[in-house]
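Participant: Okay, handing you the structure first.
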Amino acid sequence: MLNKAYLSIEGKYVKAVITKKNIENAQFLEFHVDELLDFIKENSIKEVYMSVSFSELYTFKLSFPFQISEKKKILDKLVFNEIRKIYPNIQRFSFMYETYMADSRTWIRCYMIPESSYQFIEEFIEARVNIKALYPLHIPLIFLVNSVSELIEKNKIVCFFSGKSRFLFVFEKTEMILMREFEGSEDLTDEDIININMTMNYSIQNLRVIPNEVILIGVKKRELSGLSLPYRFLSILPEYEKYTVPLIMVLSGEDLKRKSILPEQYRRFKKTIKYLNYASFVFIITMIALFGYNLESFYKIKSIYSSMISQRQYVLEHEQEFFDIDKKIKKFETEMKPFIELQNKRNSMVDMRYLLKSIGQAKTEFIQITLVEILNAEKPELKIKGKSIGKSFSERQMSYLNFKASLHQGGFKIINESWDITKGELSIDAIYEHTRVLQ
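Right, dumping it as structure tokens:
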């Protein structure tokens, strides 16, 4: 029986559960993410289910004033085209979505990751490991939360603790609309309480979603003070608290597998290998059946079978060529990049007056802008410096968050920021984008 592993990549560390027959005989392991391939080889793992805390995970919602066919091919094509419109600079990506229909309307909540976030799959292919499913971290967590029926229709903040890493998710019922990751200490502290309360305020003021409850996962139950919302602790097996996510994957089975975000290219590759294996199996059965009728025919078929095995071996030996060709294509695209950028520059120059106007229209209550410096006119990229004149720390923090949100709504993508709440000083590097991100 193949060794099967359930892996959860949570920041710098991996939590793993290896099962052979049942959960009672499972192995529980924790190691650094750089040791993942060594773990695969040492334990002869051939099949994995994975959950990953993707640093680049985009979420947005589509709305249509009519009901859309629930056929998967139609929905896949529709969502794919919408992603290309919303993120024209991301050429290769993988996505998943959830569909909601009511009356004469259709809503689709989409989650997308760019190719750079799942390139590690190539290393698993080279190690001949079959990735059965790949989930964003919030998917197993919401499965655990939804196991409590009264929480399904509530808006909530889910705070997942993994060592010193914290993962904060804002859910509008079952839809994840905001994800935050930050570092803390080994135990739950007052700093975590402050971060949760700040996330709640941001959700209410900027996302227009009012959380009803805070769900804490991956940390031992205790009395808390200072939270602005009711709270509860959730776990599966308290003695294995740190392995909550892989345990959810073990116990959720096929229901969770439907939420996989595996890229389509990898799924097609797996189907090809499956068909080759199936063809070889059918051929062997056919050969054995014919052997009883005619010995001479058997030798002829044996020759054909040997050729089939050789061809199959050839395909397996040349898997790497598939990736080499893909790399050559990427290299060609890279070499063509200067010409593409020149064409884009000619077609998408932005009038600086609109850029400065967007800064001027940003909400600046308690914010005084002291400097606007253009760093790169072609992107265009600029640096904004200023100061919050709020009298209290809360006024300064809220004015800073509101100012950032207004910049985002005005078409700016923040790439670097520095904020000193004590002095009220801020510095933001931002790129002005032509299209806004659809929430």
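The sequence shown begins at 2 in our numbering and counts up by one.
Every residue gets a Cβ at the ideal spot worked out from N, C-alpha and C, and that includes glycine.
Which value, in whole angstroms, describes the spacing of the CA atoms of Phe61 and Met309?
Facilitator: 48 Å
Participant: Within its chain, find whatever has a CB closer than 6 Å to the CB of Asp430; leave out the 5 residues flanking it on each side and keep chain order.
Facilitator: Lys384, Ile416, Asn417
Participant: Beta carbon of Gly164, beta carbon of Glu192: below 9 Å?
Facilitator: no
Participant: Do Phe94 and Glu124 count as a contact pair if the criterion is CB distance below 9 Å?
Facilitator: no
Participant: Excluding sequence positions up to five away, which residues of its chain have a Cβ less than 7 Å from the Cβ of Asn4?
Facilitator: Ile19, Lys21, Asn44, Ser45, Ile46, Lys47
Participant: Give the single residue among Tyr101, Lys386, Phe234 whose Cα lies nearest to the Cα of Leu152.
Facilitator: Measuring from the Cα of Leu152, the nearest candidate turns out to be Phe234.
Participant: For Lys73, which of helix, strand or coil comes out of DSSP?
Facilitator: helix
Participant: What is the DSSP secondary structure of Gly387, reduced to helix, strand or coil?
Facilitator: strand
Participant: Nearest to Glu99 by alpha carbon, out of Ile91, Trp108, Gln92?
Facilitator: Closest option to Glu99, Cα to Cα, is Trp108.
Participant: Note down the Cα distance separating Lys386 from Arg269, rounded to an integer number of angstroms.
Facilitator: 49 Å
Participant: Distance check for Ser229 and Lys157, CA to CA, integer angstroms please.
Facilitator: 12 Å
Participant: Roughly how many angstroms lie between the CA atoms of Leu38 and Val130, to the nearest whole one?
Facilitator: If you take the alpha carbons of Leu38 and Val130, they lie about 10 Å apart.
Participant: Any idea what DSSP makes of Tyr401, helix, strand or coil?
Facilitator: Correct three-state label for Tyr401: helix.
Participant: Nearest by alpha-carbon distance to Ser70: which of Ser105, Tyr88, Asp327 is it?
Facilitator: The alpha carbon of Ser70 has as its nearest neighbour, out of Ser105, Tyr88, Asp327, the alpha carbon of Ser105.
Participant: Kindly indicate which residue of Leu142, Val149, Ser166, Glu318 has the alpha-carbon position closest to the one of Val159.
Facilitator: Leu142
Participant: DSSP three-state label for Arg223, please.
Facilitator: coil
Participant: Taking the CB atoms as reference points, tell me whether Val171 and Thr200 lie closer together than 9 Å.
Facilitator: yes
Participant: Pick from Ile10, Tyr244, Ser226, Ile216: whose alpha carbon is nearest that of Tyr232?
Facilitator: Ile216
Participant: Where does Ser54 sit, in a helix, a strand or coil, going by DSSP?
Facilitator: In this structure, Ser54 counts as coil in the three-state DSSP scheme.
Participant: Taking contact to mean at least 3 C-beta pairs separated by less than 8 Å, is the stretch 24-36 in contact with the stretch 254-268?
Facilitator: Contact between the stretch 24-36 and the stretch 254-268 is absent, because fewer than three Cβ pairs lie under 8 Å.
Participant: Taking the alpha-carbon of Leu408 as reference, which of Leu189, Ile195, Glu434, Lys86 has the nearest alpha-carbon?
Facilitator: Checked all of Leu189, Ile195, Glu434, Lys86; the closest Cα to Leu408 is Glu434.
Participant: At a cut-off of 8 Å, is Lys243 close to the ligand NAP when judged by its beta-carbon and the heavy atoms of the ligand?
Facilitator: Within the structure as shown, the ligand NAP is missing, as the structure has no ligands at all.
Participant: So the alpha helix (DSSP H) Pro115 belongs to, where does it begin and stop?
Facilitator: Run containing Pro115: none in the alpha helix (DSSP H); it sits in the beta strand (DSSP E), 106-115.
Participant: From Gln68 to Lys174, what distance separates their C-alpha atoms?
Facilitator: 21 Å
Participant: Could you tell me the alpha carbon to alpha carbon distance between Ala378 and Ile432, rounded to whole angstroms?
Facilitator: 10 Å
Participant: Whose C-beta lies closer than 8 Å to the C-beta of Glu182 among residues of the same chain, with five residues either side of it excluded?
Facilitator: Gly12, Ser54, Ser56, Ser166, Arg167, Phe168, Leu169
Participant: Determine whether the Cβ of Tyr59 lies closer than 9 Å to any Cβ atom of chain C.
Facilitator: No chain C is present in this structure, which holds just one protein chain.
Participant: Would Gly411 pass as a contact of Ile360 if the rule is Cβ separation under 9 Å?
Facilitator: Gly411 places its beta carbon less than 9 Å from that of Ile360.
Participant: CA-CA distance, Asp256 and Phe161?
Facilitator: 22 Å
Participant: Using the rule of at least 16 other Cβ atoms within 10 Å of the residue's Cβ for burial, across every protein chain shown, is Arg110 buried or exposed?
Facilitator: buried
Participant: Is the CB-CB distance between Ser393 and Tyr401 below 9 Å?
Facilitator: No. Outside cutoff.
Participant: Report the three-state DSSP secondary structure of Ala134 (helix, strand or coil).
Facilitator: strand
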